[in-house]
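One structure is given here, and the rest of the page talks about it.
Number of protein chains: 4
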Amino acid sequence: MAGSNFGKNFQITTWGESHGKGIGVVVDGCPAGVPMSEAVIQKYLDRRKPGQTRYATPRKEADEVEILSGIFEGKTTGTPISMVVYNTSQRSKDYSEIAKYYRPGHADYTFDKKYGFRDYRGGGRSSGRETIGRVAAGAVACEVLKSLGVEVAAYTKAIGGVVAEQEKLFFENIMKSPLFMPDLEASERAEALLEQKMKEQDSAGGVIECIIRGMPAGIGEPVFEKLDANLAKAVMSIGAVKGVEIGDGFAVAEAFGSTNNDAFAVDDAGEVRKKTNHAGGILGGISDGSDIIVRAAVKPTPSIARDQQTVNCQGENIEIGIRGRHDPVIVPRAVVVVEGMVAITVLDMLFSSMTSNMEDIRRFFGR
Amino acid sequence: MAGSNFGKNFQITTWGESHGKGIGVVVDGCPAGVPMSEAVIQKYLDRRKPGQTRYATPRKEADEVEILSGIFEGKTTGTPISMVVYNTSQRSKDYSEIAKYYRPGHADYTFDKKYGFRDYRGGGRSSGRETIGRVAAGAVACEVLKSLGVEVAAYTKAIGGVVAEQEKLFFENIMKSPLFMPDLEASERAEALLEQKMKEQDSAGGVIECIIRGMPAGIGEPVFEKLDANLAKAVMSIGAVKGVEIGDGFAVAEAFGSTNNDAFAVDDAGEVRKKTNHAGGILGGISDGSDIIVRAAVKPTPSIARDQQTVNCQGENIEIGIRGRHDPVIVPRAVVVVEGMVAITVLDMLFSSMTSNMEDIRRFFGR
Amino acid sequence: MAGSNFGKNFQITTWGESHGKGIGVVVDGCPAGVPMSEAVIQKYLDRRKPGQTRYATPRKEADEVEILSGIFEGKTTGTPISMVVYNTSQRSKDYSEIAKYYRPGHADYTFDKKYGFRDYRGGGRSSGRETIGRVAAGAVACEVLKSLGVEVAAYTKAIGGVVAEQEKLFFENIMKSPLFMPDLEASERAEALLEQKMKEQDSAGGVIECIIRGMPAGIGEPVFEKLDANLAKAVMSIGAVKGVEIGDGFAVAEAFGSTNNDAFAVDDAGEVRKKTNHAGGILGGISDGSDIIVRAAVKPTPSIARDQQTVNCQGENIEIGIRGRHDPVIVPRAVVVVEGMVAITVLDMLFSSMTSNMEDIRRFFGR
Amino acid sequence: MAGSNFGKNFQITTWGESHGKGIGVVVDGCPAGVPMSEAVIQKYLDRRKPGQTRYATPRKEADEVEILSGIFEGKTTGTPISMVVYNTSQRSKDYSEIAKYYRPGHADYTFDKKYGFRDYRGGGRSSGRETIGRVAAGAVACEVLKSLGVEVAAYTKAIGGVVAEQEKLFFENIMKSPLFMPDLEASERAEALLEQKMKEQDSAGGVIECIIRGMPAGIGEPVFEKLDANLAKAVMSIGAVKGVEIGDGFAVAEAFGSTNNDAFAVDDAGEVRKKTNHAGGILGGISDGSDIIVRAAVKPTPSIARDQQTVNCQGENIEIGIRGRHDPVIVPRAVVVVEGMVAITVLDMLFSSMTSNMEDIRRFFGR
């Protein structure tokens, strides 16, 4: 089945393998008249580019985006925006060994079972490079959202048990941490942990948090197209994500109604507000006007240099050590991927919610 | 936007409010030739029926399903299966008070913001009764899966911090616990906790776990239509769910590659197996042949008798106490809802995966 | 695959067989606040009800619609509108004979090939009664469109070669003709033709035309979601329709650019208008502000009393005569079905087009 | 809304403007293991390439396809196939004049109304070059269909009133006619007509017919996802198409049941066959095993050199003559576009129909 398409009214389609000619995305349903350029998109892509810090693979990829359609005289035209990042450093490497066995924690085995056939060069379609398309499309969504006063910001919440404390977490510090962890003290401790893991030929997992600010109330559809349901799918579809939470998330399992309910109150401006935000900005699948809070659990990089046991394609038990250098942690480079997927989802739901109310529709058409 | 439709090749559409004429579902895309009857569906519905134990609302609803189409001579015909449960006890109650304010933790405020208009009778479309349609459709999916050798089983994993221990958890005990918690010792402690909360006019949250056994490897689509991504959406779309996990879930954030990777090994029968199952049966969004493990965090019932602060529709701060008796915990009645949504998702993905491989397609068409 | 669902933002799901318990539809995505009642829907259904004239089967069906959800205090709530028409006269009839062979021109053979199984009672899901769901949903769409100033009107354009002439065609006469043919002279000739065909135990085909007035310009999406492409699918999905045209339709094959192009001109009010409307109101798949004109070719009723040759389920050549009285022409009762499907499509596309332009979106959200 | 995406299980997404960097398509849902190469795709593209005959614009475009993903070692991998054709001759031309007014018969006016903004270079997204993506994707679909024994062939049925006679129409002659009209006598007459129209600075319309051979019975879904309904959408979505017919099409309007019904008969091999094929291979929206016949009415090229009246963007009535040479007829180059869209639709429906019957599904999974 087709599985590379996401969204209803704002829709993206990604393509490309890590070691093919390139990676790309088609963004369809972006309204006309939004200022857009390669420079704008590139800023987002640079946040996931390898080789930036010592906690990311030193493989050098320029990852330069080229816009092939949908922009005219610096603005979106309303028609599909096709973007491509050509692969540049995939040529020389020898993947003949990887082709012979199933790497633990990777999709080698499941792709073989599914397709009876596998593009073994660096993971093919299940490679981390697949996220380039998501980030480029996410950049478009973020720009549209900004012009509607909605801001989406993701950051590293935890790495290997080192957690950014809420009170020390300042958004303006996100870019100051090589791990995009805005509690700079925790960031330093996480760096030390990663140094240790690298020495041990091991890797660490973590948590990414994403906040949406300025979201109008009333966005999301009851029952299946709930805002949180779509956010869950969007975030869980990112490779290595094993859990998704909204607001207090799994902590609600140990909470009680009296502590978990958010009381409503009228503020000085006469606006209805919640006094707390355990719900993470979503009630009944619909935004309530508070900040929306999403969290993703990211597993440790499965490619580790340490010896591991596995099976080769002849069905024999073997022991392997995965050569080459790999990111000791996936989290920092995945931050902008989460941000992008959240933005795409939120924008799509904003668009979908425009037909909730007959009065608004009549007003829209001036009838 | 339309939001009451779920699935691609096996597709369900639900309708109905808690206090309208009834609740129903249309199941479209069910193959022809599957034995089906109201008695089969009813067994699943009885598991979510109110009034069964003292931890559920004593409101009596027969919740009897009627099949209106799609079955002929005891078998599915391949055309839509329409099912309805008529509401029977919704008549007398007075909802005039609820109409006047926004209940904390409920969707009253967000529905008003979205539609400018609200069916205030018992929550309308955001009521727990909405899940009747999911359970009836889930029953159909479970029956189809069974005939393919795939079993889906959900149960209560935790309530208010009382957790069923893995080693004491026996599937055959699920129905012996009034809370559907198959560690019977933990179940008793959870009951005691609930008694306490009821005295305190409070409520508790918990965790539901669902296991899928007998799933073939190779099911799920790369990138956006991953099996785990669709499970996340399916489960998060259930009211009161605030988090979803696959396999080790959020625990991966504190794990390391060396402990989180599942080694492959060839078993005595020559089959490739994983020695452990941290991944929860899904690698790269595709089933790996192990048990699939999904977990949902369920918030405490928001309707509590205790005094709470909120705002009325005139925008004034008020204090309320929600009258009537409500479930002190949502978890047990939601178990079969999780099971149903998981079954629907898994079946849809099984169907979608039938076109992965040209060789299989040629074999199917005998060409 | 699921095939009973139509539309994206305004979406309908139909169910039911001609001889099951009933026929129904779920309308999802209807905005909140639209006045709606069973009486409103019934008016549309009455136009396709059997037993109205001598050119329709005398089988008596009340075809009374019941609304089960989605309406509160006389207005739509924004949640799914479930409607059902219970079958009342299906009980006594004996279908044992039809079960034994394949009726020419019917879907008996193809259903058997598809499902390996058939609900042989009166055509099951391929019966004309299936259109009840379309008409009820179409009624909802028409009402929403009316409140936006868009009028949809269908009528009989031709029966068995008798064509309503454009200059004698007055909308106000549609209901005065038992055949819904607004050229009353042609209507009389068509009646005479039908009398003749009934005597000959034969049936006639015809053409239905549908006009959409008051449509804003700019509705429809380039490439695949063109307004005309969706209208073509909507109309061709109606049983017995074998062709669909927009504007001049097949006549363009013999036209030349100089005669087929519609010149633009500014009218006295300063509005851009087309001087002619060969295009039928759609250019590049997008409405141009003129009347939209759609035409459907409807085949003769395949159930005729005359002897016909066919094959039975044992694979033997046999001769049959289909008993019972059947409509000598499908066209008049299909008029309101075409109207409904066109209305559903147009409304869905109106909703989808609300996100074409960033400026309009900002205005909508007041940002 | 997103409008550049077509298909459910076999899905395509096109992008690109006539005068941007290129035109492309992403094919998602193609099974793994199908032999595929640029050379295979190019053969289809060459059939729509300009500059081939004197009845097509002499504008030289190499229109060379490049495959960017989804193929590994000469076979499809099951992941998205991204293809691009870079524009090469778009640079020099001056479109400043076209930008100033609305060309009759073109989408200039409707794009402006929709987006408030237009890429005026050569029609942007409504240009004939948009069909490159359809043809490249159609080539993939045709190759998959061939390996399942299904052949799709389109050809010119009529131009400007000159009709290919059924008895003189031989498939092997399609490529011998510069107009792809397999009745070579009619082809010559049509050429003469086009010479005449070119002298008159005018253009002609025509009809394209497409035949699908070897289609299994039982493909298509009742009600909305009928095979004919999807074919109608697919074909009507092609620019310049104003009508679609199946089998006898509009002729059924003047037929009678006794002449229009196709009698079933058992042939010598014991197979059920239809003696005639008025239905065009589809009964109740489901293939009946006969040839499937689809026809499209194509309007005359709207760009004609002759003087025409229109309106400029300042809202003034003006007279224009469209400079440059344009195809005097759209039909021949659209033949392979119709073939492609039909193939995509048929393949998608073949895939969708694999879950019609429980017995087949069990057999597929070996359970």
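Line by line, the protein sequences are chains Z, H, W and P.
Each residue of the first sequence is one higher than the one before, counting from 78 in the working numbering.
Each residue of the second sequence is one higher than the one before, counting from 78 in the working numbering.
Each residue of the third sequence is one higher than the one before, counting from 78 in the working numbering.
Each residue of the fourth sequence is one higher than the one before, counting from 78 in the working numbering.
Glycine included, every Cβ here is placed at the ideal spot set by N, Cα and C.
Source: prediction; values computed, not measured.
Residues are counted here when their Cβ sits less than 7 Å from a Cβ of chain P; for the segment 328-353 of chain W these are V329, A330, E331, A332, F333, G334, S335, N337, N338, D339, A340, F341, A342, V343, G347, V349, given in chain order. In the three-state reduction of the DSSP assignment, K319(W) falls in the strand class. D105(Z) carries a strand assignment under DSSP once its states are collapsed to helix, strand and coil. At a cut-off of 8 Å between beta-carbon atoms, S433(H) makes contact with chain Z. Taking CB atoms only, Y163(Z) has no neighbour in chain H less than 8 Å away.
Under the criterion of beta carbons closer than 8 Å, F87(H) and M431(P) do not qualify as touching, at roughly 12 Å.
Secondary structure in the segment 205-237 of chain W: the alpha helix (DSSP H) runs of 4 residues or longer, each lying completely within the stretch, are 208-224 in chain order.
The criterion of a C-beta distance shorter than 8 Å is satisfied by A213(P) and M160(P).
In the three-state reduction of the DSSP assignment, A309(W) falls in the helix class, which pools H, G and I.
DSSP lists V102(W), I144(W) as the beta-bridge partner residues of M160(W). Judged by DSSP in its simplified three-state form, F194(P) adopts coil rather than helix or strand.
Scanning chain Z for C-beta atoms nearer than 8 Å to the C-beta of S429(W) yields N86, reported in chain order.
Inter-residue distance for A332(H) and V117(H) is about 43 Å (C-alpha atoms, whole angstroms).
Two segments are said to touch when three or more pairs of C-beta atoms, one from each, lie closer than 8 Å; by this definition the segment 378-398 of chain Z does not touch the segment 99-107 of chain Z.
Contact between the segment 202-211 of chain W and the segment 267-275 of chain W is not established, with fewer than three Cβ pairs separated by less than 8 Å.
The DSSP-derived three-state label of F333(Z) is strand. From the beta-carbon of I288(Z), no residue of chain W is found nearer than 9 Å; the closest lies around 19 Å away.
For V111(P), the neighbours in chain H by C-beta distance under 7 Å run, in chain order, M435.
According to DSSP, P112(W) shares a beta bridge with K152(W). What P299(W) touches in chain P, judged by beta-carbon distance under 9 Å, is G80, S81, A184, F188, K191, G201, R202, S203, E207, going in chain order.
Between the C-alpha atoms of A420(P) and Q386(W) there is a straight-line separation of about 33 Å. Going by DSSP, V284(P) is part of no alpha helix (DSSP H) but of the beta strand (DSSP E) stretching over 283-290.
Contact check for I370(Z) and I288(Z): beta-carbon distance about 6 Å, within the 8 Å limit, so the pair qualifies. Residue burial annotation: A311(W) is buried, with at least 16 other C-beta atoms found within 10 angstroms of its C-beta. Contact annotation, G238(H) with S146(W): C-beta distance approximately 38 Å; criterion of less than 8 Å not satisfied. Beta-bridge partners assigned by DSSP to L427(Z): none are found. Secondary structure of K303(H) (DSSP, three-state): coil.
N250(P) carries a helical assignment under DSSP once its states are collapsed to helix, strand and coil.
For T233(W), the closest alpha carbon among the candidates A263(W), E436(W), V221(W), R198(W) is that of A263(W). By the Cβ criterion, the segment 341-350 of chain Z is not in contact with the segment 298-318 of chain H, since fewer than three pairs of Cβ atoms, one from each stretch, lie closer than 8 Å. Going by DSSP, F341(Z) is part of the beta strand (DSSP E) stretching over 341-343.
If the five residues before and after G366(H) are omitted, its C-beta is found closer than 6 Å to the C-beta atoms of A294, all from its own chain and listed in chain order. Taking 8 Å as the cut-off, the beta carbon of P409(Z) is found closer than this to the beta carbon of F257(Z). When the Cα atoms are used, P405(Z) and V415(Z) turn out to be separated by approximately 19 Å.
Not a single C-beta of chain H is nearer than 8 Å to the C-beta of I407(P). In the DSSP assignment, F257(P) is bridged to no other residue.
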